[in-house]
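*Asks:* Sharing a structure with you now.
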């Protein structure tokens, strides 16, 4: 009986070790797969950079430096073409597609890093980029930092 108890104890320890390995492996895989909540098609509803904040759904625009009504109208028409017409799609296979009226489709592979809250991209030429992201209510906020400055997009599921 003592021997049987020892074997059961050893089996239990081996089971726990295997279970821990499984959990560790599952955690590693799940942190590097596309996040289910980001999968889908997204449209731009808000934009901010060093100069301006514009929320299209509220038709609210705020220039960080005083500007004229003419400049506001000009910005809105340009933003409609260059920013708000762009659609973003993240599929469940790790493919990102950005659809623009100017350039057509731009594709890239993507991986979500939940520990750093980043979306990491690699295009077909090996170029890579990384965007910070977070969810606010049901909207996706994306922060893009470049040599030219920062840009934040607020996206709503389409």
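Residue numbers (the working numbering): 20 to 177. Beta carbons are placed, not taken as given, at the ideal position from N, Cα and C, and that holds for glycine. Quick caveat, the model's predicted, so the values are computed rather than measured.
#1: Please state the DSSP three-state secondary structure of residue 209.
#2: If you count every other CB in all the chains shown that lies within 10 Å of the CB of residue 159, and 16 or more means buried, which is it?
#3: In this structure, how does DSSP classify residue 103 when only helix, strand and coil are distinguished?
#4: What whole-angstrom Cβ distance do residue 142 and residue 127 have, given they're in contact under 8 Å?
#5: What distance in whole Å lies between the Cβ atoms of residue 152 and residue 18, which are believed to be in contact at a cut-off of 8 Å?
#6: Mark residue 169 as exposed unless 16 or more other C-beta atoms lie within 10 angstroms of its C-beta, in which case mark it buried.
#7: For residue 173, count neighbouring C-beta atoms within 10 Å of its own C-beta (all shown protein chains included) and say buried if the count is 16 or more, exposed if not.
*Replies:* Looking at the coordinates:
#1: Only positions 20 to 177 of the chain appear in this structure, which leaves residue 209 out of reach.
#2: Residue mapping note: residue 159 aligns to position 140 of the chain shown, counting from 1. The residue in question, residue 159, is buried, as its Cβ has 16 or more Cβ neighbours within 10 Å.
#3: Along the chain shown, read from residue 1 onward, the residue named residue 103 stands at position 84. Residue 103 falls in the coil class under three-state DSSP.
#4: As a working mapping, residue 142 is identified with position 123 in the chain shown. As a working mapping, residue 127 is identified with position 108 in the chain shown. Sure, about 4 Å apart at Cβ, within 8 Å.
#5: The structure shown has nothing for residue 18, since the chain only spans 20 to 177.
#6: By 1-based counting over the chain shown, the position of residue 169 is 150. By the 10 Å Cβ count, residue 169 comes out exposed.
#7: Counting from one through the chain shown, the residue named residue 173 turns up at place 154. Burial call: buried.
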